[in-house]
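Peer 1: Sharing a structure below in structure tokens format, with a few things to ask.
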Amino acid sequence: HWLDQVPDTQLEGWVQEASEEEVRTAMVHYSFLVQAYVWGETLPPAHLPANLARPMVAIADRLGQAPLLPYSAYVLDNWARLDKSGPITLENIYMVQNFLGGDDENWFVMIHVAIEAEAGVLLDNAAKLVVAAENGDEAEAERLLVEMDAAWERIYTHFARMPERCDPYIYFHRVRPYIHGWANNPALENGGMVYEGVEKFGGKPQALRGQTGSQSSIVPAMDALFKVDHSDDPLKSFLDELHQYRPVQHRRFIEDLGARTRLREFVEGSGSQSLKDAFNACLNQSARFRTRHLEYAANYINKQAGSIPGNDPDVGTGGTPFMKYLKKHRNENAEQLV
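With our numbering as the guide, the letters of the sequence shown map in order to residues 384 to 721.
The following block contains the structure:
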């Protein structure tokens with residue numbers, strides 16, 4: 384394989400001195416190389432060569448992430464503006480690094496970028512809502528929730544545009560094969576990927592989860608803020624595991640939000656019906672978002688015929704059977720109104 388000939392860049396020293404932004408950029412390009420090496424051939428290899436494995440692990444260790452393509456490198460750090468002074472809109476952004484190129488691959492990622500950009504309001508207001516609830520400020524809490532409801536509408540508008548330029552058949556056969564991980568993947572005979580030349584792994588296969596939109600911090604942060612609980616099931620266990628694949632700061636934010644929020648109790652104890660309505664509107668938006676995700680999972684994955692090794696239409700790119708559990712989580716979300 385030609386990637387076997389790529390020089391080992393000896394990045395171990397550089398990653399300790401470089402800025403986080405530089406290391407995150409390296410994470411984008413190296414994780415794409417790793418995925419291309421594994422999934423770019425008909426039969427995937429059992430070993431990742433040392434010239435790719437060592438720098439990949441060094442970069443991931445510096446960032447506190449797993450050494451393969453994460454959502455943060457696929458989406459969050461993988462876009463730029465066409466007009467540097469213009470807004471973050473679908474008309475003014477592009478995908479920096481891709482696998483095969485083409486409209487479907489780029490559009491799939493850009494829709495996610497547009498959604499994440501709008502979601503800044505949700506995350507910013509979430510922190511403010513914790514304080515508003517602690518201060519007993521009903522008017523401020525309601526104002527913040529109404530803003531979040533409006534942001535959800537903008538998010539939903541972007542999400543609904545996915546089919547415009549990303550075809551389900553093309554997505555399944557041309558985009559999806561490259562973003563799988565090593566865990567629960569029947570195409571990898573030894574149950575994972577061996578990272579050659581990486582001492583801490585001791586030559587043992589690493590069963591790591593693949594890139595998935597479930598690594599986004601939007602819905603988990605909203606579940607934490609609104610105290611939406613899910614009963615135990617394979618998807619919940621999977622999502623709990625995926626938490627460790629997020630950027631460190633994202634993990635801390637979600638954990639701190641869940642530990643500190645008293646918003647649900649504050650709203651339940653309030654005499655303001657408009658505050659309760661605003662709270663429920665945001666919960667319903669999250670459930671609605673999950674419903675649209677469910678529809679896309681059905682059309683873009685579940686209804687496609689799987690003829691590519693490791694590209695199972697009943698298993699998500701993270702490596703879990705997803706359809707029935709997505710429905711369950713959507714329903715649990717909708718059942719926890721105040």
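Every residue, glycine too, gets a C-beta built ideally from N, C-alpha and C.
No experiment lies behind these values; they were computed from the predicted model shown.
Among H712, E405, V650, which one has its Cα closest to the Cα of F621?
Peer 2: Translated into the one-based positions of the sequence shown, residue 621 becomes position 238. Nearest of H712, E405, V650 to F621, Cα basis: H712.
Peer 1: Quick check: what's the CA-CA separation for W462 versus S653?
Peer 2: Translated into the one-based positions of the sequence shown, residue 462 becomes position 79. Translated into the one-based positions of the sequence shown, residue 653 becomes position 270. Each residue's alpha carbon lies about 43 angstroms from the other.
Peer 1: Please report the distance separating the alpha-carbon of Y628 from that of E638.
Peer 2: Here residue 628 corresponds to residue number 245 of the sequence shown, with the count starting at 1. Here residue 638 corresponds to residue number 255 of the sequence shown, with the count starting at 1. Answer to the nearest angstrom: the Cα atoms are 14 angstroms apart.
Peer 1: So what does W462 bridge to, in DSSP terms?
Peer 2: For the purposes of this step, residue 462 is identified with residue 79 of the sequence shown, where counting begins at 1. Answer by DSSP bridge pairing, in chain order: M478.
Peer 1: Please state whether the Cβ-Cβ distance between M545 and L505 is less than 7 angstroms.
Peer 2: Numbered from 1 along the sequence shown, position 162 holds the residue referred to as residue 545. Numbered from 1 along the sequence shown, position 122 holds the residue referred to as residue 505. Cβ distance not < 7 angstroms, so M545 and L505 don't count as in contact.
Peer 1: DSSP three-state label for Q598, please.
Peer 2: What you label residue 598 is simply residue 215 of the sequence shown in a count that begins at 1. In this structure, Q598 counts as helix in the three-state DSSP scheme.
Peer 1: What separation, rounded to the nearest whole angstrom, lies between the Cα atoms of R445 and E651?
Peer 2: Against the sequence shown, residue 445 aligns to sequence position 62. Against the sequence shown, residue 651 aligns to sequence position 268. Approximately 43 angstroms, taken between the alpha carbons.
Peer 1: With C-beta atoms as the reference, is H430 less than 7 angstroms away from V577?
Peer 2: Taking the sequence shown and counting its residues from 1, one reaches residue 430 at position 47. Taking the sequence shown and counting its residues from 1, one reaches residue 577 at position 194. It is a contact, given that the beta carbons lie within the stated cut-off.
Peer 1: Return the chain-ordered list of same chain residues with a C-beta closer than 6 angstroms to the C-beta of A500, the five sequence neighbours on each side being excluded.
Peer 2: As a position in the sequence shown, residue 500 is number 117, starting the count at 1. Around A500: I471.
Peer 1: On the DSSP bridge list, what partners appear for M576?
Peer 2: Within the sequence shown, the letter at position 193 stands for residue 576. The partner list for M576 (beta bridge, DSSP) reads Q589.
Peer 1: Restricting to Cα atoms, I'd like to know which of P450, E395, Q418, M410 is closest to F584.
Peer 2: Taking the first residue of the sequence shown as position 1, residue 584 is located at position 201. Looking at the Cα atoms, P450 is the closest of the given residues.
Peer 1: Given this structure, state the Cα-to-Cα distance separating V417 from D520, to the nearest angstrom.
Peer 2: Working through the sequence shown from its first residue, we reach residue 417 at position 34. Working through the sequence shown from its first residue, we reach residue 520 at position 137. Each residue's Cα considered, the two are about 50 angstroms apart.
Peer 1: Quick one: what's L431 bridged to in DSSP?
Peer 2: For the purposes of this step, residue 431 is taken as residue 48 along the sequence shown, with counting starting at 1. Y578.
Peer 1: Is L608 near A524, with beta carbons less than 7 angstroms apart?
Peer 2: Locating residue 608 in the sequence shown gives position 225, counting from the first residue. Locating residue 524 in the sequence shown gives position 141, counting from the first residue. Not closer than 7 angstroms, so no.
Peer 1: Cα separation between L473 and L465?
Peer 2: Start at 1 with the first residue of the sequence shown, and residue 473 comes out as number 90. Start at 1 with the first residue of the sequence shown, and residue 465 comes out as number 82. In a straight line, the C-alpha of L473 is about 10 angstroms away from that of L465.
Peer 1: Pick out whichever of I601, E572, S597, S600 has its Cα sitting closest to the Cα of P588.
Peer 2: Sequence index remark: in the sequence shown, residue 588 carries index 205 (1-based). The candidate whose alpha carbon is nearest that of P588 is E572.
Peer 1: Using a threshold of 7 angstroms, state whether the C-beta atoms of A441 and S414 are closer than that.
Peer 2: By 1-based counting over the sequence shown, the position of residue 441 is 58. By 1-based counting over the sequence shown, the position of residue 414 is 31. Cβ distance not < 7 angstroms, so A441 and S414 don't count as in contact.
Peer 1: Taking the beta carbon of P390 as the centre, do at least 16 other beta carbons fall within 10 Å, making it buried, or is it exposed?
Peer 2: Here residue 390 refers to the residue found at position 7 of the sequence shown. Classification for P390: exposed.
Peer 1: Contact between the segment 540-556 and the segment 489-503 is defined here as three or more beta-carbon pairs at a separation below 8 angstroms; is this criterion met?
Peer 2: The answer is yes - the segment 489-503 touches the segment 540-556, with three or more Cβ pairs under 8 angstroms.
Peer 1: Between the Cα of G564 and those of L625, A664, V479, P603, spot the shortest distance and give me the residue it belongs to.
Peer 2: On the sequence shown, position 181 is the one that residue 564 refers to. When each option's Cα is compared against that of G564, the closest is L625.
Peer 1: Distance, Cα to Cα, A419 vs Y561?
Peer 2: The residue labelled residue 419 in the question sits at position 36 within the sequence shown. The residue labelled residue 561 in the question sits at position 178 within the sequence shown. In a straight line, the C-alpha of A419 is about 7 angstroms away from that of Y561.
Peer 1: Could you have a look at Q448 and say whether DSSP puts it in helix, strand or coil?
Peer 2: For the purposes of this step, residue 448 is taken as residue 65 along the sequence shown, with counting starting at 1. Q448 falls in the coil class under three-state DSSP.
Peer 1: Would you say A618 and Y679 are within 7 angstroms of each other, going by their C-beta atoms?
Peer 2: Your numbering for residue 618 matches position 235 in the sequence shown. Your numbering for residue 679 matches position 296 in the sequence shown. It should be noted that the sequence gives Leu, not Ala, for residue 618. Contact flag unset, no.
Peer 1: Looking only at its own chain, which residues have a Cβ that is under 6 angstroms from the Cβ of A433, when we skip the five neighbours before and after it?
Peer 2: For the purposes of this step, residue 433 is taken as the residue at position 50 of the sequence shown. Only E579, G580 meet the Cβ criterion.
Peer 1: Expressed to the nearest angstrom, what Euclidean distance is found between the alpha-carbon atoms of R537 and P603?
Peer 2: Within the sequence shown, numbered from 1, the residue matching residue 537 stands at position 154. Within the sequence shown, numbered from 1, the residue matching residue 603 stands at position 220. Whole-angstrom Cα-Cα distance: 19 angstroms.
Peer 1: Would you mind sorting A522 into buried or exposed? The rule is 16 or more other CB atoms within 10 Å of its CB.
Peer 2: For the purposes of this step, residue 522 is taken as residue 139 along the sequence shown, with counting starting at 1. Counting Cβ neighbours within 10 Å, A522 comes out exposed, since fewer than 16 surround it.
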